[in-house]
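Top to bottom, those sequences are chains A and B.
Position 86 of the first sequence, counting from 1, maps to 113 under the working numbering, and the rest follow consecutively.
Position 148 of the second sequence, counting from 1, maps to 154 under the working numbering, and the rest follow consecutively.
Before any comments, here is the structure.
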Amino acid sequence: MNVTPSCALEVKGLSVSYASHRAVEEVSVCFRRHRVAAIIGPSGCGKSTLLRSLNRMHDFDPTVKVSGQVVFENQDLYGREIHPPTVRKRIGMVFQKPNPFPKSIYKNISWGPWINHMRGDMDQRVESCLRKAALWDEVKHRLHQSALSLSGGQQQRLCIARALAMNPDVILMDEPCSALDPRSTACIEDLIADLREKYTILVVTHNMQQAKRISDDVLFMYEGRLVEFGPTTQIFSQPRVAQTQAYIQGKFG
Amino acid sequence: MESGTKAARLELVEEPVGELLLRRQWVNYKDVLLKLCLSLATSLTVLTTCTIVLLIGKEAFAFFHMVSIVDFLLGTQWQPLIEPQQYGVLPLVVGSTLVVVLSMGIALPLGVFVAAYLSEYASFPIRSVVKPFLEILAGIPTVVYGYFALTFVTPQLQQLFPAMEVFNAASAGIVVGIMILPMVSSLCDDAFCAVAPELKEAGYSLGATSYEVFRGIVLPASAFRLAAAVILAVSRALGETMAVTLAAGATPNMEWSFLKSIQTMTAYIVEVSLGDTPAGGVAYLTCYGVAALLFGITFVLNVLGYRWMRRTAE
Ligand SMILES: Nc1ncnc2c1ncn2[C@@H]1O[C@H](COP(=O)(O)OP(=O)(O)OP(=O)(O)O)[C@@H](O)[C@H]1O
Ligand SMILES: [Mg+2]
């Protein structure tokens, strides 16, 4: 039996570099199961780069080099024998800009399960995902209309529902609210609080209040390095590193 | 000097403030000149188009005065230059159709494969090697393609099909297919590249393989542009002249056979223009009747093609 709280995702000495420079340097951290972790830091500090390396989204750019380990279920995701699409199936992602497929609302959700031959009643799956994403009531009468007819906030919730449809273990969210109005933002924050029961969630955010509201843990990055990682209450009340305090108080970045 | 600038400054201050907002304060002769040149160049192209359309229209009108348009469009005998004259254009349409069908049958699948490979799979170095080859293919003069058909493709085909004539629709269709391949693949490549990378990422993030992303996301998202590419390619194949004249010969033929010599609409126009058909007579005017038909078809295709090209935005 493990005494330490089990990690859903454990990052060990992870570095990521683009053609010319290193964007993430030697980051090691343990993201706890069924917790919400907020990743904060000034623009360009490597938050998105870190997040994308956790489900191998860097694979498509041959100039990106990743070294170190990401351990998920006792396996290194960058190991030789790993099948990247399956990694992404288990570790889903929601992007900064809502990016629904130019298909119907229904197909947006069903496409992922369908290509992955997931069995079961598809109608039911679509409904339950839309319910979890707090979108069902708004779209139940127009499931077969184009997803592009939805508002930005609805589109983002659809993207969350789409990620949920794969029934992942971990959901990575890169500034999911940055393109949204306060109401949609509140809606998605509530959603994250609900999803925490079943999923491990990592959220990149620029909004300190949001980080404080929704997260259990906070990871503060600066210039590609992990500066501080700890429980949200501790980070916001008594950060160990002066830099963290300065950033949280809005003194730079 | 100094007092001069001072005076100017004073003057400016004395001017009513609103004066600076007026348009005439800011008119610049370079702007005017540029606008003039650009609009001249533009009107030149419009003028040229109009002249050609008017010319074809006028002569075609004269032609259809002598030959019934119904007989022309539905007749199955094309023999305008020798007695007894027959003015049914369908044999030429069949010839053009054979060439278009075969060339599209070659260029379309190949073009889509090449484009899919280039846009989705090829690494940058491969892309930068293949692209110039396609451009060279596009730069070969069409008469060379005709010669290539006659001296290389046809003899090869004759080994396979001994019944094949020296001039035949098959070799013409094949070389036209090769000729339009660069255009098709480049238009398809544009179509695939126009699909937002965010959509592909969304697909990958759901555990899709690159084939699934291509099949399920990229292809449907670029469907309209692909259709536009097909239409523009058809219109190009239809208008191809030199290669088909050389390769397919000048025998109007209703038989729908790739093995035999045919004549396309364009090849007929060449025949009349090069021959010693006296200007003014019906025989000479036939060429305008055919040109009007050809123009009508390609015009509709192009309009459709460009309209669909723009329809991808949503
Ligand atoms: N595709 C790329 N190629 C080269 N450099 C990149 C690329 N993407 C990001 N970078 C660089 O890597 C560094 C980290 O970028 P990243 O996008 O991870 O920052 P971020 O913390 O997410 O910033 P933001 O808060 O603005 O989204 C930046 O300096 C950026 O310029
Ligand atoms: Mg970012």
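Where a beta carbon is used, it is the ideal one built from N, C-alpha and C, also for glycine.
Exercise for the section: Rounded to whole angstroms, what's the CA-CA distance from residue 233 (chain A) to residue 259 (chain A)? Just pull it up for me. Expected result: 15 Å
Practice task
For ligand 2, list every residue whose C-beta falls under 7 Å from any of its heavy atoms, going in chain order.
Solution key: A:74, A:75, A:123, A:201, A:202, A:231
Exercise for the section: Measuring only between beta-carbons, confirm whether residue 203 (chain A) sits less than 8 Å from chain B. Expected result: no
Practice task
State buried or exposed for residue 34 (chain B), treating a residue as buried only when at least 16 other CB atoms are found within 10 Å of its CB.
Solution key: exposed
Exercise for the section: Provide the residue span of the beta strand (DSSP E) that contains residue 256 (chain A), from first to last. Expected result: 252-258
Handout entry: Reduced DSSP secondary structure (H/G/I, E/B, other) of residue 159 (chain B)
Key = helix
Practice task
Please indicate yes or no: does the CB of residue 86 (chain A) lie closer than 7 Å to some heavy atom of ligand 1?
Solution key: no
Handout entry: Exposed unless 16 or more other CB atoms sit within 10 angstroms - verdict on residue 307 (chain B)
Key = buried
Exercise for the section: May I ask whether a heavy atom of ligand 1 can be found less than 7 Å away from the beta carbon of residue 71 (chain A)? Expected result: yes
Problem - Counterpart residues of residue 57 (chain A) in DSSP-defined beta bridges - result: A:37
Practice task
With DSSP collapsed to three states, give me the class of residue 47 (chain A).
Solution key: coil
Problem - Candidates B:213, B:56, B:160, B:234, of which the one nearest residue 317 (chain B) by Cα - result: B:234
Problem - Closest Cα partner of residue 81 (chain A) within the set A:68, A:113, A:69, A:70 - result: A:113
Practice task
Pull up the CB-CB distance for residue 69 (chain A) and residue 274 (chain A), whole angstroms please, since I reckon it's below 8 Å.
Solution key: 7 Å
Problem - Secondary structure of residue 104 (chain A), DSSP reduced to three states - result: coil
Exercise for the section: Tell me whether residue 274 (chain A) sits in a helix, a strand or coil according to DSSP, three-state version. Expected result: helix
Handout entry: Interface partners of residue 258 (chain A) on chain B, CB under 8 Å
Key = Result: empty, since nearest Cβ-Cβ is about 29 Å, beyond 8 Å.
Problem - Delimiting residues of the alpha helix (DSSP H) encompassing residue 324 (chain B) - result: Within the shown structure, residues of chain B are numbered from 7 to 320, placing residue 324 (chain B) beyond reach of any answer.
Practice task
Could you tell me which chain B residues have their CB closer than 9 Å to the CB of residue 128 (chain A), listed as they occur along the chain?
Solution key: 205, 208, 209, 222, 223, 226, 227
Exercise for the section: Go through the region 106-177 of chain A residue by residue and report every complete run of the beta strand (DSSP E) that reaches 3 residues or more, in order. Expected result: 118-121
Practice task
Could you check what DSSP says for residue 86 (chain A) in three-state terms: helix, strand or coil?
Solution key: helix
Handout entry: Proximal residues of chain B, C-beta to C-beta of residue 142 (chain A) below 7 Å
Key = 214, 218, 222
Handout entry: Heavy atom of ligand 1 within 7 Å of residue 171 (chain A) beta-carbon
Key = no
Practice task
Run the proximity test for residue 110 (chain A): is its beta-carbon closer than 7 Å to any non-hydrogen atom belonging to ligand 1?
Solution key: no
Practice task
With DSSP as the reference, label residue 180 (chain B) as helix, strand or coil.
Solution key: helix
Problem - Residues bridged to residue 229 (chain A) (per DSSP) - result: A:64, A:199
Handout entry: Given residue 155 (chain A) as reference, the closest of A:53, A:187, A:254, A:245 once Cα atoms are compared
Key = A:187
Exercise for the section: Give a yes or no on whether the minimum CB-CB distance between residue 146 (chain A) and chain B is below 8 Å. Expected result: no
Problem - At least three beta-carbon pairs within less than 8 Å, the region 253-265 of chain B to the region 170-188 of chain B - result: yes
Problem - Under the three-state DSSP convention, the category residue 208 (chain A) falls into - result: coil
Handout entry: Distance CB(residue 175 (chain A))-CB(residue 198 (chain A)) smaller than 8 Å
Key = no
Problem - Below-8 Å beta-carbon distance, residue 58 (chain A) vs any chain B residue - result: no
Exercise for the section: Confirm the yes/no value for this check: CB of residue 68 (chain A), any heavy atom of ligand 1, distance under 7 Å. Expected result: yes
Exercise for the section: Would you kindly check if the distance between the Cβ of residue 99 (chain B) and the Cβ of residue 81 (chain B) is under 8 Å? Expected result: no
Handout entry: beta strand (DSSP E) segment containing residue 235 (chain A), residue limits
Key = Residue 235 (chain A) -> not in any beta strand (DSSP E); alpha helix (DSSP H) instead, spanning 235-241.
Problem - C-alpha gap between residue 133 (chain B) and residue 125 (chain B), whole angstroms - result: 8 Å
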